[in-house]
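A short worksheet on the structure shown next.
Residue numbers (the UniProt record's numbering): 1 to 226.
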């Protein structure tokens, strides 16, 4: 089996408008006009973490709708709703970029309950259609203030995406910031869950060589007040 390379978490598919950076953390950052430079120049930002002798996690940011590696063994993750028929934020952006074929494919996913194709924490896979990546893995994260255990549900969403990627021989996978939009999951807590889940997944795949994780994070994560 080909090496599974998990490129996890294009956190930042749709960056928010710049906010006032006059807060304690902003005073520790160099004054760059570009948010990209703020990310790349932060000395205390862990841009690469070793997961094992053959795997690593890299922290970057980018546009998930434009991301791909080879167009055949890669997949992006769509932060969907349970109906899987499109929505706002990254979900809407992915559907627009993929074209109407994506929603048509989602209609064909069997409902597990009336109107529910992908329950919270689970994952489903379709083709990518007009996206540069070959596949879309759809997952539903928790609504932070509604879910009784949002951390467990978010962890399940990441883990099920990674497992589904492995089952489908996907070598490269990119995640958005699951549940961090209208679902209200705090960025810092979500990043902790994402990284810890990827670490666990890497441990489970010790027999697979070349597991590399690329984590794209929102600059917003580093703009929050102390």
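In this text, a Cβ means the ideal position worked out from N, Cα and C, and glycines have one as well. Predicted, not measured: the structure shown is a model, and the values here were computed from it.
Query, Result
"Where residue 149 and residue 185 are concerned, what is the direct C-alpha to C-alpha distance, given to the nearest angstrom?", "12 Å"
"On the DSSP bridge assignment, give the partners of residue 79 in chain order.", "139"
"Write down the C-beta distance between residue 169 and residue 72 rounded to the nearest angstrom, noting that I regard them as a contact closer than 8 Å.", "In fact, because the Cβ distance is near 10 Å, the residues do not count as touching under 8 Å."
"What is the DSSP secondary structure of residue 116, reduced to helix, strand or coil?", "strand"
"Which runs of the beta strand (DSSP E) spanning at least 3 residues fall entirely within the segment 127 to 206, listed in chain order?", "135 to 139 and 172 to 174"
"Look at the alpha carbon of residue 64 and the alpha carbon of residue 140, and state the distance between them as a whole number of angstroms.", "17 Å"
"If I measure Cβ to Cβ from residue 120 and keep anything under 6 Å in the same chain, skipping five residues before and after, which residues do I get?", "140, 142 and 153"
"What would DSSP say about residue 70, mapped onto helix, strand or coil?", "coil"
"Please report the residue range of the alpha helix (DSSP H) in which residue 110 lies.", "Counting along the chain, residue 110 falls outside any alpha helix (DSSP H), and DSSP gives it neither H nor E."
"From residue 87 to residue 124, what distance separates their C-alpha atoms?", "16 Å"
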